[in-house]
Amino acid sequence: MSKLKELDGFFNPKTVAFYGASNVMQKFGSIHLINLLSAGFEGKVIPIHPKEEEILGFKAYKNIKDVPERVDLAVMAINPELINNFLEDCGKKGVKHVIILSGGFLEVGNKDAQERMKKIAENYNIKIMGPNCSGEVITPSLNITHVPWPPRKGGVSIVSQSGTYAVQPLIAISSKIGLGISKIISVGNEVNTDLVDYLEALEEDDETTTIGIYFEAVRRGKEFIELLDRINKKKPIVIIPIGQTEAGTRSAKSHTAAITSPGYIIDSVCEQTGVIKVKNSIELLNLLNAFDSLSLPKGNRVAILTLGGGPGTLMSDLFESNGMKVPMLSKELQEKLKPWMPETASAINPIDLTYSDDMQNFLNVLPEILLKSDEIDSLIFYGLMGTEYFKNLVNVPDYMKNHNSIITMKNFGEMMEDFFIALFDEIIEFKEKYQKPIILTCYNTREEKFVAYLQDNGIPVCYPEEGVWALIRMWQYNKFLYSTEKLI
Amino acid sequence: MKEEIKITIIKSIINNAFAENRLFLMEHESKDLISKYGLPTGDYKLVNSKEEAVKFANKIGYPVVAKIMSPDIIHKTDAKVIKLNIRSDKELEEAYNEIIVNARNYNPNIELKGISIQKMAEKGVAEVIVGGLRDKNFGPVLMFGFGGIFVEIFKDVAYRVCPITKEEAGKMVRSIKAFSLLDGYRGQAKGDINQLIKVIINSCTLLMENPEIIELDLNPVIVFEIGKGVMVVDARVILREEG
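Sequence order for the protein chains is A and B.
Just so you know, my numbering puts 419 at position 417 of the first sequence, and the rest follows in order with no gaps.
Just so you know, my numbering puts 1421 at position 206 of the second sequence, and the rest follows in order with no gaps.
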């Protein structure tokens, strides 16, 4: 059986039984159930509870064995001492997939309880996610975590050996960058499904285009390396190793009972497999977003189109000190650009418009000339003006508020909205048309609706430094792919 | 050598250490073991008398090196039980006596296995280190770097998880900053990189086939110019009891 099929109960459950949800809303289990419902889960929800007849309007059962229909997935957020008996019930009922959120097993030295769990699972052929995990998110409508969050559906999947990292930064950062998620899996203590299993499943999963890993330790090191080696040639993998110092190792051991490896060994694993290592969640998610949204740069030459000198200079330095080129454009190409630029601006590259209020030139005309040319492989912008900008611009003292030009200005942003959207639609089209990565950098946030619009349509919008690093890593990855092709 | 014979010899070296309650191999044992994996060690012999020493030195030709072989001394330089660049029978006999005296001064109850006589290695293009260790997650891991300050101060080393392909070993060698010193820096001769790569790959096989070995330290390995090979001058093997 394929791994994806074997774990299907986690990914496509039609009926989910809940242990630990009650009518007390602040209970951990109740929060999980509410989050599942808020995510728009369309299957059936069955609470299991010793006393209650009904929970959140759903009929509750005292024992899972009393449930008349088939149960695809059981979720447990209860006192760990009760878990193994309930697991036994699940086995008898024929449930094949169970997510155990509760901790209190090997990570606190309770080896016997975890061994018993393993035995029961083996007897009834149950696959367990966890114990001691943060659950999973499977877009579009399955959220079995403690955080309410309907992410945008996309191709990014993440397997995390840290429960916290599986949810909290993902949610904070993903909402900022508009990350498109396919699957998030928190593996916990890995009692009988581990990182390697989930990676195998994601390899087969057509909805996953790129994979992120929060990595602590792996019991099946050899299989892990072979898998990284194989998958990374098809779907880029980005890894954050945690627990490589003495204190880090100690911490990892106490939270998932994992024995970690020193950093230089993880580095060599990345070196050998071409997997990209990053140092923090922001880098991880920006890069995964870029992999999911953009085609790979076919070379290392970047055009920088900027409304301002500083960001252009900073980006040039970062690119050139990390193996990329910001080449001087040919005379011919410069001549093509100049008619659309202010006279004071520079067309050499970075193409610095300094200030221009002609958004059509900045967002459409100049980019298309650049993307069409064979002198560059990717395009990065700095600068964006949108409705929020204009609105903030007219936070004037009261006595000015009724002035005609202020009113005109105030309406300008919104009046221009359709026009701006049309400009952005062009950029989104350019991405497909020219098959070159395009990243827009600025310091605006998703509160600016144009940022959200671009992000949700697959143009990464982030800070300049983040955008530059995403492009650098993408180029490194493609260079790695080229090098493996040569060897074959 | 036939595979079964090779395995028998290797197991007997390792089991012999276990029988003596040792979790390490002495240099001559280490060399006996690694040479079964095609790692070039140069001529060496464990002798138990001055006559034997002189005879062997004449066979391989001076200059030679004499070192004590004892389970009680790990750092030979500190105990002054290693003599380099011995050029004649007379010098060798003096060195032999001196080493024994120094060894007994270092530890009156020392157990002596003999004295190892080996050819004094010529100066090569570079002296490098090939090391091996066993990681809890990934199993055998190899380390490569230049000796001395390069590894100690600059940490200019590369690691790879086994198994390692020839291409990967090549990339590993080229990845360290000091690589240019092996590659004809400022008109100097280029080192025999292909033979060095062989040492790396064979060390990898050695670790993978012998789970009792948890650490391997080939230090120094002298790299001669292209076509002249490499030579493992000193070797240490650390064992663990369960396989």
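Quick reminder that beta carbons are idealized off the backbone N, C-alpha and C, glycines included.
What does residue i pair with, by DSSP beta-bridge criteria?
{"i": "aspartate 1350/B", "result": "Gly1354/B"}
{"i": "proline 49/A", "result": "Phe20/A"}
{"i": "proline 243/A", "result": "Phe217/A"}
{"i": "glycine 1399/B", "result": "Answer by DSSP bridge pairing: none, since glycine 1399/B is not bridged."}
{"i": "histidine 99/A", "result": "Leu75/A and Lys129/A"}
{"i": "arginine 1375/B", "result": "Leu1357/B"}
{"i": "cysteine 464/A", "result": "Thr443/A"}
{"i": "arginine 154/A", "result": "Gly182/A"}
{"i": "glycine 165/A", "result": "Glycine 165/A pairs with nothing; no bridge assigned."}
{"i": "threonine 210/A", "result": "In the DSSP output, where bridge partners are listed per residue, threonine 210/A has none listed."}
{"i": "glutamate 56/A", "result": "Lys61/A"}
Between which two residues does the alpha helix (DSSP H) carrying residue i extend?
{"i": "isoleucine 1364/B", "result": "1364-1367"}
{"i": "histidine 34/A", "result": "30-40"}
{"i": "tyrosine 200/A", "result": "197-206"}
{"i": "glycine 265/A", "result": "265-275"}
{"i": "phenylalanine 1233/B", "result": "1218-1234"}
{"i": "methionine 1387/B", "result": "1381-1390"}
{"i": "valine 1414/B", "result": "1408-1424"}
{"i": "methionine 317/A", "result": "311-322"}
{"i": "lysine 1334/B", "result": "Where lysine 1334/B is concerned, there is no enclosing alpha helix (DSSP H), although the beta strand (DSSP E) it sits in stretches over 1329-1334."}
{"i": "phenylalanine 1319/B", "result": "Per the sequence shown, the amino acid found at residue 1319/B is arginine instead of phenylalanine. That run of the alpha helix (DSSP H) goes 1304-1321."}
{"i": "isoleucine 371/A", "result": "368-374"}
{"i": "serine 1245/B", "result": "1242-1250"}
{"i": "serine 283/A", "result": "283-295"}
Check the Cβ of residue i against every Cβ in chain E and list those closer than 9 Å, keeping chain order.
{"i": "isoleucine 242/A", "result": "Looking for chain E here will not work: the only protein chains present are A and B."}
Please report the residue range of the beta strand (DSSP E) in which residue i lies.
{"i": "valine 1340/B", "result": "First-last for valine 1340/B: undefined, no H or E at that position."}
{"i": "proline 1435/B", "result": "1428-1438"}
{"i": "isoleucine 233/A", "result": "Careful: isoleucine 233/A lies outside any beta strand (DSSP E), inside the alpha helix (DSSP H) at 223-234."}
{"i": "alanine 305/A", "result": "304-308"}
{"i": "lysine 67/A", "result": "Lysine 67/A -> no beta strand (DSSP E), and no H or E assigned at all."}
{"i": "lysine 1260/B", "result": "1259-1262"}
{"i": "isoleucine 1297/B", "result": "1297-1301"}
{"i": "leucine 144/A", "result": "144-146"}
Counting only Cβ pairs nearer than 8 Å, list the residues of chain A close to residue i.
{"i": "arginine 1375/B", "result": "Ser270, Glu273 and Gln274"}
{"i": "valine 1356/B", "result": "Ile267 and Ser270"}
{"i": "glutamate 1383/B", "result": "Gln274"}
Buried or exposed: which applies to residue i, given that a residue is buried once 16 or more other Cβ atoms fall within 10 Å of its Cβ?
{"i": "isoleucine 1416/B", "result": "buried"}
{"i": "serine 176/A", "result": "buried"}
{"i": "glycine 214/A", "result": "buried"}
{"i": "arginine 72/A", "result": "exposed"}
{"i": "histidine 99/A", "result": "buried"}
{"i": "lysine 1217/B", "result": "exposed"}
{"i": "glycine 1458/B", "result": "Below a pLDDT of 50, predicted positions are generally treated as unreliable, and glycine 1458/B, at 49, falls in that range; the measurement from the model is reported next regardless. Glycine 1458/B comes out exposed."}
{"i": "tyrosine 401/A", "result": "exposed"}
{"i": "glutamate 1383/B", "result": "buried"}
{"i": "methionine 78/A", "result": "buried"}
{"i": "glycine 59/A", "result": "exposed"}
{"i": "phenylalanine 1365/B", "result": "buried"}
{"i": "serine 1227/B", "result": "exposed"}
{"i": "serine 295/A", "result": "buried"}
{"i": "threonine 211/A", "result": "buried"}
{"i": "alanine 219/A", "result": "buried"}
{"i": "asparagine 37/A", "result": "buried"}
{"i": "serine 32/A", "result": "buried"}
{"i": "isoleucine 490/A", "result": "Because isoleucine 490/A sits at a pLDDT of 49, beneath the cut-off of 50, its placement in the model cannot be relied upon, and the following sentence gives the value as read from the coordinates. Result: exposed."}
{"i": "glutamine 457/A", "result": "buried"}
{"i": "valine 398/A", "result": "exposed"}
Measure the Cβ-Cβ separation of residue i and residue j and say whether it is below 8 Å.
{"i": "glycine 137/A", "j": "histidine 34/A", "result": "yes"}
{"i": "phenylalanine 321/A", "j": "valine 304/A", "result": "yes"}
{"i": "valine 470/A", "j": "methionine 317/A", "result": "yes"}
{"i": "valine 271/A", "j": "isoleucine 244/A", "result": "no"}
{"i": "isoleucine 1332/B", "j": "tyrosine 1259/B", "result": "yes"}
{"i": "lysine 129/A", "j": "asparagine 234/A", "result": "no"}
{"i": "leucine 1327/B", "j": "alanine 1318/B", "result": "yes"}
{"i": "isoleucine 67/A", "j": "aspartate 91/A", "result": "In the sequence as displayed, the identity of residue 67/A is lysine instead of isoleucine. Yes, the pair counts as a contact, with Cβ atoms nearer than the cut-off."}
{"i": "leucine 201/A", "j": "valine 149/A", "result": "no"}
{"i": "alanine 1404/B", "j": "serine 1245/B", "result": "no"}
{"i": "glutamate 1456/B", "j": "glycine 1347/B", "result": "no"}
In chain A, which residues lie less than 7 Å from residue i when you measure between Cβ atoms?
{"i": "phenylalanine 1353/B", "result": "Gly223, Ile227, Ser263, Ile267 and Val271"}
Taking Cβ-Cβ distances shorter than 9 Å, what residues in chain B pair up with residue i?
{"i": "valine 220/A", "result": "Asn1352 and Phe1353"}
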